[in-house]
Amino acid sequence: MKAITGIGIFVVVGLLTAYTVGFQPNLKEQLPYDDEQRGLKDQITIKFSHVVAENTPKGLAADYFSKLVKEMSHDRVEIQVYPNGMLYTENTEVAALRRGDIQMMAPSFSTMSAINPAWLAMDLPFAFENQDEVEQTLNGALGEKLFDTLKPFGLKGVAFWFNGFKQLTSSTKPLRTLNDFHNVKFRIQPSPVIERQFQALGASTSIIPFNEAYHNLAVGNVSGQENTISNIVSKKLYQVQRYMTISNHGYLGYAVVFNKNFWDSLPPDIQEILSEALRKTTEWTNHEAVKHEEDLIFLQKNNSIQIDYLSEEVHKQWKDESKAIYEEFAPKIGRDLMKYIPGP
Ligand code: LMR
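In the numbering used here, the protein residues as written are 9 to 352.
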């Protein structure tokens, strides 16, 4: 009898528990909907993939943009930033954006040249004398024409973010004269212009994704590379290189690009918020974040890399020799675009 009563109590308690837990109304569905507090179904997520570290101009800009959008949209839009090539490398990110697997990216101009060779104009050696020239050129007709090349690929260019001028590093010898380039093998970005720039100096090249540069330099698959000081410091490339030459021979910058279908599907007020946040971020990154003094001071104090400055004479010699590359690539880039590049 006791056993039967026990089983009875057990069944009743079980049923009550099941009712309480299982048949309660879904609390999520009861969340109030208003402009201040929107439900999860109104949340817009934008995946933003890039290949550099968080503490670089691009990494900082991505972070700044993400916070600004969160604030300006009152949490309605979340920019999920994936740095360091953790989702895609420069070989795969453009295809991922076109498929819509990510919605936004900021690849280097070299990476963009795989879509259309017009972007190679930005890789030409000694294309720009200083940062102002870069800005004036990209904010003018050239910038518009470069963005026009993206439309047939379902991409929408929305801004240019800057990193800075590239410097040279090597593990075998200091690069002080043009002869010093002979037999150095450089890790390069995917760009026929950069490949030619080094070949013309008697060097060889290997296209290697940014995140594999450290390893390939460390094991000696390549002995040199070119990059901005912030990339050299943040990726610790100085640890596997012995010499650095301040040459300012080329420019590294980024196109900020959206998947166009995704952009077009956004409500107009969100597009407006994103545009305004991009405008603010671009202004901030291009005038605040692009400062390399601290990274250069770090390298000077660090002593693990010897720093040379390209002499005026060698600089001029290299510039003069580069003119042949302009002639060679003009048909590929398009002479109409070449006229916007100040050049050597
Ligand atoms: C590189 O591959 O050296 C750079 O383009 C990486 C980057 O995006 O700054």
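Cβ coordinates follow ideal geometry from the N, Cα and C atoms, glycine included. On a predicted model such as this, the values are computed, not experimentally measured, just so you know.
**OP:** Please state whether DSSP places F337 in a helix, a strand or coil.
**Re:** Along the sequence shown, read from residue 1 onward, the residue named residue 337 stands at position 329. It is helical.
Subject >> For S231, the three-state DSSP class (helix, strand or coil) >> reply: Along the sequence shown, one-based indexing puts residue 231 at 223. Three-state result, S231: coil.
Subject >> Distance between H190 and Q233 (C-alpha atoms, nearest Å) >> reply: Position 225 of the sequence shown, counting from 1, holds the residue named residue 233. Position 182 of the sequence shown, counting from 1, holds the residue named residue 190. Approximately 14 Å between the Cα atoms of the pair.
Original post:
When burial is assigned at 16 or more other CB atoms within 10 Å of the CB, is A129 buried or exposed?
Top reply: Here residue 129 refers to the residue found at position 121 of the sequence shown. Per the 10 Å Cβ criterion, buried.
Original post:
Which class does L260 belong to by DSSP, given the choice of helix, strand or coil?
Top reply: Residue numbering aside, residue 260 sits at position 252 when the sequence shown is read from its first letter. Residue state, collapsed to three classes: strand.
Original post:
R195 by DSSP, collapsed to three states: which one?
Top reply: Locating residue 195 in the sequence shown gives position 187, counting from the first residue. The answer is strand: DSSP assigns R195 an E or B state.
**OP:** Output the distance between the C-alpha atoms of N99 and S121, rounded to the nearest integer angstrom.
**Re:** Start at 1 with the first residue of the sequence shown, and residue 99 comes out as number 91. Start at 1 with the first residue of the sequence shown, and residue 121 comes out as number 113. N99 and S121: Cα-Cα distance of roughly 12 Å.
Original post:
Taking the Cβ atom as the reference point for each residue, do V248 and S179 lie within a distance shorter than 8 Å?
Top reply: By 1-based counting over the sequence shown, the position of residue 248 is 240. By 1-based counting over the sequence shown, the position of residue 179 is 171. For V248 and S179, yes; Cβs fall inside 8 Å.
**OP:** Take the Cβ of S312 as the centre, count every other Cβ of all protein chains shown within 10 Å, and call the residue buried at 16 or more, exposed below.
**Re:** The residue labelled residue 312 in the question sits at position 304 within the sequence shown. Flag for S312 reads exposed.
Original post:
Buried or exposed: which applies to R107, given that a residue is buried once 16 or more other Cβ atoms fall within 10 Å of its Cβ?
Top reply: Here residue 107 refers to the residue found at position 99 of the sequence shown. With fewer than 16 other Cβ atoms within 10 Å, it is exposed.
Original post:
Are F218 and V59 closer than 8 Å when you measure CB to CB?
Top reply: Translated into the one-based positions of the sequence shown, residue 218 becomes position 210. Translated into the one-based positions of the sequence shown, residue 59 becomes position 51. The answer is yes: Cβ separation under 8 Å.
Original post:
Less than 7 Å between the CB of L105 and some heavy atom of the ligand LMR, yes or no?
Top reply: Mapped onto the sequence shown, residue 105 falls at position 97. Every heavy atom of the ligand LMR is 7 Å or more from the Cβ of L105, so no.
**OP:** Just tell me which of A211, R184, N235, P160 has its CA closest to the CA of Q175.
**Re:** In the sequence shown, the residue the question calls residue 175 occupies position 167. It is N235.
**OP:** List the residues that DSSP assigns as beta-bridge partners of A167.
**Re:** Taking the sequence shown and counting its residues from 1, one reaches residue 167 at position 159. For A167, which the question treats as bridged, DSSP gives the partners V264.
Original post:
Out of curiosity, what's the CA-to-CA distance linking H223 and R250?
Top reply: As a first step, residue 223 must be located in the sequence shown, where it is residue number 215. As a first step, residue 250 must be located in the sequence shown, where it is residue number 242. Each residue's alpha carbon lies about 15 Å from the other.
**OP:** For F270, I'd like the list of residues in its chain whose CB is within less than 7 Å of its CB, leaving aside the five on either flank, ordered along the chain.
**Re:** As a first step, residue 270 is located in the sequence shown; it is residue number 262 there, counting from the start. Here the set comprises G108, Q111.
**OP:** Over the uninterrupted beta strand (DSSP E) stretch that includes K243, give me the two end residues.
**Re:** On the sequence shown, residue 243 is found 235 positions in, with the first residue counted as 1. Unbroken run through K243: none, as it is neither H nor E.
Original post:
Residues in its own chain within less than 6 Å of Y317 by CB, not counting five upstream and five downstream?
Top reply: As a working mapping, residue 317 is identified with position 309 in the sequence shown. Closer than 6 Å at the Cβ level, and outside the excluded window around Y317, lie I254.
Original post:
Say the cut is 7 Å; is the CB of S118 nearer than that to a heavy atom of the ligand LMR?
Top reply: Within the sequence shown, numbered from 1, the residue matching residue 118 stands at position 110. S118 Cβ: within cutoff of the ligand LMR.
Original post:
Since P115 and Q205 are thought to touch, with beta carbons under 8 Å apart, how far apart are those beta carbons, to the nearest angstrom?
Top reply: Here residue 115 refers to the residue found at position 107 of the sequence shown. Here residue 205 refers to the residue found at position 197 of the sequence shown. Rounded, the Cβ-Cβ distance is 19 Å, inconsistent with contact.
Original post:
DSSP three-state call for D316: helix, strand or coil?
Top reply: Within the sequence shown, residue 316 is the residue found at index 308, counting from 1. Looking at D316 - three-state DSSP - the assignment turns out to be strand.
Original post:
Considering I54, what are the terminal residues of the beta strand (DSSP E) in which it resides?
Top reply: Working through the sequence shown from its first residue, we reach residue 54 at position 46. Note, I54: beta strand (DSSP E), 52-57.
Original post:
With C-beta atoms as the reference, is D131 less than 8 Å away from I202?
Top reply: In the sequence shown, residue 131 corresponds to position 123, counting from 1. In the sequence shown, residue 202 corresponds to position 194, counting from 1. Cβ distance < 8 Å, so D131 and I202 count as in contact.
Original post:
What are the boundary residues of the beta strand (DSSP E) that Q111 is part of?
Top reply: Translated into the one-based positions of the sequence shown, residue 111 becomes position 103. It is not in any beta strand (DSSP E) - Q111 carries neither H nor E in the DSSP assignment.
**OP:** Give the range of the alpha helix (DSSP H) segment to which I216 is assigned.
**Re:** Within the sequence shown, numbered from 1, the residue matching residue 216 stands at position 208. Looking at the DSSP string, I216 is not in any alpha helix (DSSP H), and its letter there is neither H nor E.
Original post:
Comparing alpha-carbon positions, which option in I87, Q207, L286, N294 lies nearest S330?
Top reply: In the sequence shown, the residue the question calls residue 330 occupies position 322. The residue with the shortest Cα to Cα distance from S330 is Q207.
**OP:** Could you tell me whether the Cβ atoms of F168 and G261 are closer together than 8 Å?
**Re:** Working through the sequence shown from its first residue, we reach residue 168 at position 160. Working through the sequence shown from its first residue, we reach residue 261 at position 253. Yes, they are a contact pair.
Subject >> Distance between I278 and V322 (C-alpha atoms, nearest Å) >> reply: Taking the first residue of the sequence shown as 1, we reach residue 322 at position 314. Taking the first residue of the sequence shown as 1, we reach residue 278 at position 270. Taking the straight line from one Cα to the other gives about 51 Å.
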